[in-house]
Amino acid sequence: MKRFKAGTYFTTKKMDPVAFPMAWEPLPAAAASSFASSPRSAGAPPQAQPYVLDLRHYMDPLVAQDLPTVPVGMEAGKPPIAASRSDGHLVSSYTLEATVHHRGSYGGGHYVTYAKKDDAWVFISDDTMAKVEAEEVRDNTVEPYLFLYAKQPLVQPSEGDARTELQALAQHYLHQAAAGKPRPAAGGGAAQPVYLSRMWLHRMAFFHDPGPIINPLCYCAPAGGGAPALPPLVPRNEVTGSKPWPAATPQPHVHGPPVAWYYVEVAAADYDKFYKAYGGTQAVTRAALEELARSQASVLRVYEDVA
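Numbering follows UniProt numbering, in which position 130 of the sequence shown is assigned residue number 130; successive positions increment by one, without gaps.
Printed below as a string of structure tokens:
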């Protein structure tokens, strides 16, 4: 929110009240079906509807045609888009997860947060935390500075939904990695595992739409093409007296976090499931992982020598 206004002589804090969509729960699939098949009779009171932040009216019509039809119980105040399909798979609705408030004036103040944890709201100020009612969040309309929303489908996915299964699979692999599950030795009759970015697995485990798989440590490459490489180091001996980067030392493409942490081992068949659902980059093989680890270790040794 633009809470501060710069003037010719003074900069002030704007205290305009702002109404904002709150958190809401997806409509159960059974309820959505009953609403759709049993329209409200004339004169009957309207269904209770949450105030949903839905961006479908601001999306390109070619994209909006793949959005699901809005259930009767979840209308957001605008007429539905005619191109929406009952089986649309995209999501354009968002639920409130947290707000950041600024208390004070332009000259000084303090930031506090209201954050949603499961079904409860929590007030956070430095090291102070307290459970609050949702009405306190909703009624505080003059202090919000940031709103944090998470994508959420209008209708709750049914049991056995493909995305829900992939989400559980990602969480399984993250738990295994956190527990330090040892990697099996190379070779053997079983299909060799492959390696997937821990960062993307987190997106799959906790986001509704993780986006395409992002597997490389980074995407930098030399202007002339060819194998990516680290940028050359400045000859630090001109400044500190230490040794420069040896001219004959290769500078492999190993930017990013430690290889051993960044990649999580997954079954090749499971990687195929993720890839078919979201696309993206190919898996990292065991041989490629070991080569990345050796290259990263050699670069670190050179950096230690020139430091």
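We put the beta carbon where it would ideally sit given N, CA and C, even for glycine.
Within the DSSP bridge table, the entry for residue 60 names no partner.
Using a Cβ distance threshold of 7 Å, residue 143 and residue 101 count as a contacting pair.
The three-state reading of DSSP puts residue 199 in helix, counting H, G and I together.
Relative to residue 27, the option among 169, 153 and 172 whose CA is nearest is 153. The beta carbons of residue 259 and residue 300 sit no closer together than 7 Å.
Within the DSSP secondary-structure output, residue 265 pairs in a beta bridge with 195. In this model, residue 29 and residue 20 are separated by some 26 Å (Cα to Cα). For residue 3, the three-state secondary structure derived from DSSP is coil. A distance below 8 Å between beta-carbons, with the five flanking residues on each side excluded, links residue 214 to the following residues of its chain, in chain order: 197, 199, 200, 280 and 281. By the C-beta criterion, the segment 6-21 is judged to be in contact with the segment 105-118, since at least 3 inter-stretch pairs fall below 8 Å.
Residue pairing for residue 127: DSSP places it in no beta bridge.
Contact between residue 123 and residue 130 is confirmed by a C-beta separation of about 5 Å, below the 8 Å threshold. A direct Cα-to-Cα measurement between residue 194 and residue 265 gives close to 6 Å. Nearest to residue 169 by alpha-carbon distance, out of 273, 283 and 53, is 273.
Residue 217 is a Cβ neighbour of residue 256, given a cutoff of 7 Å. Residue range 93-105 is occupied by the beta strand (DSSP E) that includes residue 100. Taking C-alpha positions only, residue 287 is separated from residue 156 by approximately 41 Å.
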